[in-house]
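Heads up: the sequence shown begins at 1205 in our numbering, then just goes up one per residue. Backbone N, C-alpha and C fix where the C-beta goes; we use that ideal spot for every residue, glycine too. Only a predicted model underlies this, so the values are computations on that prediction, with no experimental measurement involved. To start, the structure itself, in structure tokens.
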Amino acid sequence: VEDGTINQYKKKEALKMTKEMGKLKQNLDGIKNMRLLPSLMFVVDPKREDIAVDEANRLGIPVVAIADTNCDPDGLTYLIPGNDDALRAIKLITSRMADAAMIGMEKRKDAERAAADKQETKQEAKETSAAKPEPAAAETVEAGDATGA
């Protein structure tokens, strides 16, 4: 589109391609910035998103899904029974999942901070013990003579 190749098409075809490009960018633009595969995938309607579920299974990504009676539970790692068509049910479950994710991220950050603090404390203790002068060999012998040897 940016290089002007779209100008060779008729207006109707160019408009259709532009709309399709916009739709693809909206749906897939975040994927190109991902450095790693996701460690989990959350799906609201596994029947509708069957291609995404199949791809996640192929890549070994666990799938959490809200599923009602019309869904096949095969391929779902964790199943949340619920009405995947009702907006209120979807909002309730997704808000709880988002809250749990935020709590998990906070716990992870706290654990990383604690590990960094522990490592820093160990490093400081090592530097402090290295800075203390060790007793000379003569002082050690004198101390041994004074104890009744």
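| I1255, enclosing alpha helix (DSSP H) - first and last residue | Counting from 1 along the sequence shown, the entry for residue 1255 is found at position 51. D1254 to L1263 is the extent of the alpha helix (DSSP H) around I1255.
| task | Could you round the C-beta distance between I1270 and I1294 to whole angstroms and report it? I think they count as a contact, below 8 Å. | result | Position 66 of the sequence shown, counted from the first residue, corresponds to residue 1270. Position 90 of the sequence shown, counted from the first residue, corresponds to residue 1294. With a Cβ gap of about 7 Å, I1270 and I1294 count as contacting.
| Among L1228, F1246, Q1212 and A1218, which residue has its Cα nearest to the Cα of M1301? | Here residue 1301 is taken as the residue at index 97 of the sequence shown, counted from 1. Out of L1228, F1246, Q1212 and A1218, F1246 has the C-alpha closest to the C-alpha of M1301.
| query | Do you know whose CA, among K1229, N1274, K1311 and G1264, lies nearest N1287's CA? | reply | For the purposes of this step, residue 1287 is taken as the residue at position 83 of the sequence shown. The residue with the shortest Cα to Cα distance from N1287 is N1274.
| field | Nearest candidate by alpha-carbon position, reference E1259, set G1279, G1226 and D1249 | value | The residue given as residue 1259 occupies position 55 in the sequence shown. Of the candidates G1279, G1226 and D1249, the one whose C-alpha sits nearest the C-alpha of E1259 is G1279.
| message | Under 7 Å: does the beta carbon of T1298 sit that close to some heavy atom of the ligand ZN? | response | Among the components modelled here there is no ligand, and therefore nothing to report on the ligand ZN.
| request: Look at the Cβ atom of P1266, then the Cβ atom of V1257, and state whether they are nearer than 8 Å. | output: By one-based count along the sequence shown, residue 1266 stands at place 62. By one-based count along the sequence shown, residue 1257 stands at place 53. No, these two residues do not count as a Cβ contact at 8 Å.
| query | In terms of alpha-carbon separation, which member of K1313, L1241 and S1333 lies closest to G1264? | reply | Position 60 of the sequence shown, counting from 1, holds the residue named residue 1264. Among K1313, L1241 and S1333, the Cα nearest to that of G1264 belongs to L1241.
| request: Return the bridge partner residues of P1285 from the DSSP annotation. | output: By 1-based counting over the sequence shown, the position of residue 1285 is 81. Beta-bridge partners assigned by DSSP to P1285: A1271.
| said: Using CA atoms only, rank isn't needed, just tell me which of M1306, T1281 and D1289 is closest to R1252. | reply: Counting from one through the sequence shown, the residue named residue 1252 turns up at place 48. The shortest C-alpha separation from R1252 is found at D1289.
| said: With H, G and I counted as helix, E and B as strand and the rest as coil, what does DSSP make of M1245? | reply: Here residue 1245 refers to the residue found at position 41 of the sequence shown. Strand, per DSSP.
| Three-state secondary structure assigned by DSSP to L1232 | Counting from one through the sequence shown, the residue named residue 1232 turns up at place 28. Note: L1232 maps to helix in three-state DSSP.
| By Cβ distance, which residues of its chain are closer than 8 Å to I1284, with the 5 residues on each side in sequence left out? | Start at 1 with the first residue of the sequence shown, and residue 1284 comes out as number 80. Excluding residues within five positions, the ones whose Cβ falls inside 8 Å are V1268, A1269, I1270, A1271 and I1297.
| Hey, how far is the Cα of A1353 from the Cα of K1330? | As a first step, residue 1353 must be located in the sequence shown, where it is residue number 149. As a first step, residue 1330 must be located in the sequence shown, where it is residue number 126. Because A1353 carries a pLDDT of 47, less than 50, the predicted location of this residue cannot be relied on, and no value is offered for it.
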